[in-house]
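*Asks:* Residue numbers (the numbering used here), protein chains in the order written: chain E, 613 to 1061; chain P, 77 to 387; chain D, 27 to 211.
Even glycine gets a Cβ: it sits at the ideal position worked out from N, Cα and C.
Just dropping this structure here.
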């Protein structure tokens, strides 16, 4: 069933021995050095280091001093296909994903045309089977054209392989419309993922409403714009016994609303982005449009609430909301710039550098949450366990890199972490059994002290 | 005066420390004297080119900047565009890069978008002067306001200044709060709660929706109230705004000074009797504009080619 | 640092200024002069000459001060903008003899700038120049009408004029280079 919902260019399975990697798979309760033997794209064996002979027809990758994690899964990316391939396409977007250690991604439907029709979804799936480097799943839109007025043919879209539905980019403003979608979900299944924002409150806001927006004279988006909608939609989901996923949480109030909903037994989940976990509205003082996104970066209080929420599991997973934009869309005055940052290539590095190293989150929690998006959308969770397909990432935690110094795998360069030095370089990514990314270094980077 | 920080651009009042502001005001006094001569020119910027990029209509500010550069004997190029076709940032970047052919020493930019001056500074080696960017800042307005006040009060230390009106949409208010605080004054902003930005106190001022304590102020700085605000429901009506917040002769205490960045909406934020009263400094503010802008150009541009000489 | 040699002491300076005042009055029998000091120390000296000449002419001679910062020819190569003092020229320049006063005449560039500035106010009948010290090394064809003392110097040396109003004492010394820089006069 899953094979019909994730699409990827077919390639032969890897034959590979990864030697002496420190394997951390929290779900398998594995946290020690291992050799990993991969045959035909499956994990054939995990054994004590040095105990496995090299395969005759395969490669040996010496991972001494490096870590291996289950591959990351990003349930929220914008691949801009169809219609906006100048920003990103399936090939470049999945190349970025693989470079960031992701072994699967789920693409949002706010494209041109919007993925609101079975034939569009079908053709997109076909393209992914030819172009994608890592498996791509798709969400279809809740309303036609994202206009918020008519439901899409949700059942047909589910049959075509939609993993769920979202009007991401926009909220579903009408409670009545959302209610119908929640009811329809009983027929078609899938997850309804919601971008939460009250347009009457967010208006022409371009950043968080607070002391920084007061200083800069920019219109702000108050936190209550997000949290009131989460509360409303959680109540609707409870009433209809539906399954809802809240996207890109940004505010402390939203974490509280999500927690209350879970305590009430409502079937809700939530995600948070690496940029919301590591940056605040203070960086917007530079008026650099790389820091313009929706929802906006908020205060340090919000940031710490998001970290705490992720730690306790109130927030279930990490999702990058990878949003590529072309240079001419970003190199303009802040108010006019497109909203969004890329995130696939820097997700792990940013989280490891800004949260794990300073001790705000355990590495095991970050690793687990980086693939927790799979289960939320009913995809198999990557595991480093024999007989599973090889979905894993090898990372050098000691090596650092300057973001963007050698360009990006993504077609776009609008990265909020551009120019920062991050620790935790991805060396190799295996996705669905094949090597999707292998780091090629022109110059050997000096290990961090 | 060593230790004063000015520039290399004037995009925000944050580009100046207190000594820098005072130095500009002192230099402006000399330029005010120049403006009183028959020949109102000095050769200080001879041979230098100043480009004015005005993407927002404004006769007052644009003519003030043009005159300031000309009185310094600079060559002036003024580009005016109020059409939406040049609102796109790409045109801004292309325009700036094209203008680099004139090797401008300074670019003065006025834009309806916050951060425009900052962007321009990244695309040129000229000194960039922000003549107003969206609702963000208008530093030369704050400087000419400080100049006007300093002439009248002597010193701004401990002066009690109230800024009344639509602070939310006012770049003049933001720059003024910063500049006046830096010069030692105390600032209170007052207006309808919908028009006072949440968190404005972080700039170091107090905020109140009531004019009750206005009598404590030494200076009342009134902001323009635009009719659009009524359409956007920030205020229910201009009539109600005027009733609660209009500065008129009865609300003004004798001895209080009255200021306004202009142009005034007579009968809305200011009554006719207030505008015409002897307490108003509005005329002085206008006169101060050219001298202060000359001082800014002078302080930013004199000395900048040193690097070229050394190289 | 080597000690500087005193070339004019307090009494010398007083006598010199009295002599210059007499020379100014002799050379301008109609008395239609105005005294104009160049900031900073030229201004203090101008005040004294103003008092002396006004007494000799038994009338109040107009007095003004100019700051030549905006007229300098070296603005393009300076490290930072020179500090500006106030120019006060409140009398009409037309048809008058303006006596420009400065402490030290060196390259002549300061005086050139001052002359340019005067002409921006109007057209004087005549411009004359009074300096306390002429140290030579002219770079422009400027010559003083009244000189306190001619002191030949090398370019490495520094002429330091101290006036009571600014420095607490009246004295002119000649010393080696080093110590506080003064802009070339």
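Is residue 696 of chain E helix, strand or coil by DSSP?
*Replies:* Residue 696 of chain E falls in the coil class under three-state DSSP.
*Asks:* I need the DSSP call for residue 160 of chain P, collapsed to helix, strand or coil.
*Replies:* Unreliable placement is indicated for residue 160 of chain P, whose pLDDT of 42 sits below 50; the coordinate value is still reported in the next sentence. In this structure, residue 160 of chain P counts as helix in the three-state DSSP scheme.
*Asks:* DSSP three-state call for residue 808 of chain E: helix, strand or coil?
*Replies:* Residue 808 of chain E falls in the coil class under three-state DSSP.
*Asks:* Taking one C-beta from the segment 797 to 813 of chain E and one from the segment 222 to 230 of chain P each time, how about it: are there three or more such pairs within less than 8 Å?
*Replies:* Not touching, per the Cβ criterion.
*Asks:* With burial defined as no fewer than 16 other Cβ atoms inside 10 Å of the residue's Cβ, what is the status of residue 1021 of chain E: buried or exposed?
*Replies:* Buried: at least 16 other Cβ atoms inside 10 Å.
*Asks:* Taking Cβ positions, are residue 995 of chain E and residue 740 of chain E nearer each other than 7 Å?
*Replies:* Going by C-beta atoms, residue 995 of chain E is not nearer than 7 Å to residue 740 of chain E.
*Asks:* Would you say residue 384 of chain P reaches chain E, if we count a Cβ-Cβ gap shorter than 7 Å as a contact?
*Replies:* At residue 384 of chain P, the pLDDT of 31 sits below 50, so the modelled position is not reliable and the matter cannot be decided from this model.
*Asks:* Report the start-end ranges of each alpha helix (DSSP H) in the segment 819 to 902 of chain E that is 4 residues or longer and not cut off at the edges.
*Replies:* List check, alpha helix (DSSP H) in window: 823 to 828, 836 to 852, 864 to 875 and 886 to 890.
*Asks:* So is residue 350 of chain P in contact with chain E if we call contact Cβ pairs under 7 Å?
*Replies:* Not one chain E Cβ lies under 7 Å of residue 350 of chain P.
*Asks:* Within a Cβ cutoff of 7 Å, which residues of the same chain sit near residue 621 of chain E, ignoring the five residues on either side of it in sequence?
*Replies:* Contacts found: 741, 742, 743, 744 and 745.
*Asks:* Mark residue 949 of chain E as exposed unless 16 or more other C-beta atoms lie within 10 angstroms of its C-beta, in which case mark it buried.
*Replies:* Buried: at least 16 other Cβ atoms inside 10 Å.
*Asks:* Report the option in D:189, D:203, D:73 and D:202 whose CA atom is closest to the CA atom of residue 36 of chain D.
*Replies:* Closest option to residue 36 of chain D, Cα to Cα, is D:189.
*Asks:* Does any residue of chain A have a CB that is nearer than 7 Å to the CB of residue 120 of chain P?
*Replies:* The structure shown contains no chain A; its protein chains are E, P and D.
*Asks:* At what residue ranges does the segment 179 to 224 of chain P contain a whole run of the alpha helix (DSSP H), taking only runs of 4 or more?
*Replies:* Taking only runs of at least 4 residues, the alpha helix (DSSP H) segments lying wholly in the segment 179 to 224 of chain P are 192 to 199.
*Asks:* Closer than 9 Å, Cβ to Cβ, to anything on chain P: give me those residues from the segment 823 to 844 of chain E, in chain order.
*Replies:* From the segment 823 to 844 of chain E, only 823, 824, 825, 826, 827, 828, 829, 830, 831, 832 and 834 have a Cβ closer than 9 Å to chain P.
*Asks:* For the alpha helix (DSSP H) containing residue 321 of chain P, name the first residue and the last one.
*Replies:* From DSSP, the alpha helix (DSSP H) with residue 321 of chain P extends over 314 to 321.
*Asks:* Along the chain, where does the beta strand (DSSP E) that runs through residue 632 of chain E open and close?
*Replies:* Unbroken beta strand (DSSP E) run through residue 632 of chain E: 628 to 637.
*Asks:* So the beta strand (DSSP E) residue 113 of chain D belongs to, where does it begin and stop?
*Replies:* That residue, residue 113 of chain D, is in no beta strand (DSSP E); it is neither H nor E in DSSP.
*Asks:* For residue 796 of chain E, count the other beta carbons within 10 Å of its own beta carbon; 16 or more makes it buried, fewer makes it exposed. Which is it?
*Replies:* Buried is the call here.
*Asks:* Using the beta-carbon of each residue, which ones in chain P are nearer than 8 Å to residue 946 of chain E?
*Replies:* Under the 8 Å cutoff, chain P gives 189, 190 and 191.
*Asks:* Please work out which residues of its chain come closer than 6 Å, Cβ to Cβ, to residue 1049 of chain E, disregarding the five sequence neighbours upstream and downstream, and give them in chain order.
*Replies:* Answer for residue 1049 of chain E: 710, 711 and 1041, listed in chain order.
*Asks:* Hey, is residue 216 of chain P's beta-carbon within less than 7 Å of any beta-carbon in chain D?
*Replies:* Not one chain D Cβ lies under 7 Å of residue 216 of chain P.
*Asks:* Does the beta carbon of residue 1039 of chain E come closer than 7 Å to any beta carbon on chain P?
*Replies:* No, residue 1039 of chain E lies away from the interface with chain P (no Cβ there is under 7 Å from its Cβ).
*Asks:* Residue 92 of chain D and residue 124 of chain D - do their beta-carbons sit closer together than 7 Å?
*Replies:* Taking 7 Å as the Cβ cut-off, residue 124 of chain D and residue 92 of chain D do not qualify as a contacting pair.
*Asks:* Checking the sheet assignment: what are the DSSP bridge partners for residue 159 of chain D?
*Replies:* According to DSSP, which records beta bridges pairwise, residue 159 of chain D is partnered with D:130 and D:175.
*Asks:* If you draw a straight line from the C-alpha of residue 74 of chain D to the C-alpha of residue 67 of chain D, how long is it?
*Replies:* Those two C-alpha atoms are separated by around 11 Å.
*Asks:* Which residues in chain D have a C-beta closer than 9 Å to the C-beta of residue 106 of chain P? List them in chain order.
*Replies:* Going along chain D in sequence order, the residues near residue 106 of chain P (Cβ under 9 Å) are 93, 95, 96, 110, 111, 112 and 113.
*Asks:* With 7 Å as the threshold, decide whether the Cβ of residue 30 of chain D is near any Cβ in chain P.
*Replies:* Chain P, which has no Cβ nearer than 7 Å to the Cβ of residue 30 of chain D, makes this no.
*Asks:* Are the CB atoms of residue 935 of chain E and residue 688 of chain E within a distance shorter than 7 Å?
*Replies:* No, Cβ-Cβ distance for residue 688 of chain E and residue 935 of chain E is not below 7 Å.
*Asks:* Determine the burial state of residue 317 of chain P: buried for a count of at least 16 other Cβ atoms within 10 Å of its Cβ, exposed for fewer.
*Replies:* Under this definition residue 317 of chain P is a buried residue.
*Asks:* Name the chain P residues that come within less than 8 Å of residue 775 of chain E, Cβ to Cβ?
*Replies:* Those do not exist, as residue 775 of chain E stays about 37 Å from chain P at its closest Cβ, beyond 8 Å.
*Asks:* Just to confirm the assignment, what range does the beta strand (DSSP E) spanning residue 112 of chain P have?
*Replies:* Unbroken run through residue 112 of chain P: none, as it is neither H nor E.
*Asks:* Just by C-beta distance, which residues in the segment 898 to 914 of chain E are closer than 9 Å to chain P?
*Replies:* The segment 898 to 914 of chain E vs chain P, Cβ under 9 Å: 898, 899, 900 and 901.
*Asks:* Nearest CA to the CA of residue 310 of chain P: which residue from P:288, P:326, P:270 and P:220?
*Replies:* Residue 310 of chain P has its Cα closest to that of P:270, out of P:288, P:326, P:270 and P:220.
*Asks:* Rounded C-beta distance between residue 953 of chain E and residue 887 of chain E? I'm assuming under 8 Å.
*Replies:* That belief holds up - the Cβ atoms of residue 953 of chain E and residue 887 of chain E are roughly 6 Å apart, short of 8 Å.
*Asks:* Measure how close the beta-carbons of residue 684 of chain E and residue 713 of chain E come, nearest whole angstrom, since I'm counting them as under 8 Å.
*Replies:* At roughly 5 Å, the Cβ-Cβ gap stays under 8 Å, so residue 684 of chain E and residue 713 of chain E are in contact.
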